[in-house]
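Residue numbers (our numbering): 578 to 733.
Here's what the structure looks like:
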């Protein structure tokens, strides 16, 4: 979603949900980079597999990045189209801690997805990393996308 345009965003009041995450899930992950430059924090897949059933809003499905060859739960740091060098990020494999900020539902400008449920996070290391490699701050807060809701005209 980090590279999608957004029609609107809505803050979802969910202090109990965030507190449950803080108590039962690691607030850190490992920095990784794919050959195309896509850079992300690799998270425990339980973030999606377990939390999708307990979202404070109904009707969301797991994001489409689980399965063979896919990265699973993650926080996007750098999109492939932003990565103009073939240099590998030297900080790869670093454990990166973060804190949870708030829950949001965003409405992206996409034909296939009407809503995304996400948790925004705070991780100064990630902003500093982007700056070190000559990249501007991301268009959106760093976040964990927990659920997608397809557009009605794209449902099977």
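Using N, Cα and C, we set each Cβ at its ideal position, and we do this for glycine too.
Because the structure is a prediction, the values reported are computed rather than measured.
- Query: With a cut-off of 8 Å, do at least 3 Cβ pairs link the region 634-648 to the region 700-720?
  - Reply: no
- DSSP three-state call for residue 579: helix, strand or coil? Low local confidence applies: a pLDDT of 42 at residue 579 is under 50, so the model's placement there is unreliable, with the coordinate-based value given in what follows. The answer is coil: DSSP assigns residue 579 none of H, G, I, E or B.
- Query: Rounded to a whole number of angstroms, what is the C-alpha to C-alpha distance between residue 676 and residue 725?
  - Reply: 22 Å
- Message: Suppose contacts are defined by Cβ-Cβ distances below 7 Å. Is residue 632 in contact with residue 694 by that definition?
- Response: yes
- Item | Expected contact under 8 Å - CB spacing of residue 666 and residue 617 to nearest Å | About 11 Å separates the two Cβ atoms, so there is no contact after all.
- Item | Cβ neighbours of residue 733 in the same chain (closer than 8 Å, five flanking residues each side left out) | Unreliable placement is indicated for residue 733, whose pLDDT of 48 sits below 50; no coordinate value is reported for it.
- Given residue 731, which residues of its chain have a CB within under 7 Å of its CB, disregarding the five upstream and five downstream residues? Low local confidence applies: a pLDDT of 49 at residue 731 is under 50, so the model's placement there is unreliable, and no value is given.
- Among 599, 602, 674 and 685, nearest to residue 587 - alpha-carbon criterion: 685
- Task: Select from 658, 622, 702 and 614 the residue whose C-alpha is nearest the C-alpha of residue 644.
- Result: 622
- Message: If you follow the beta strand (DSSP E) that residue 617 is in, where does it begin and where does it stop?
- Response: 616-619
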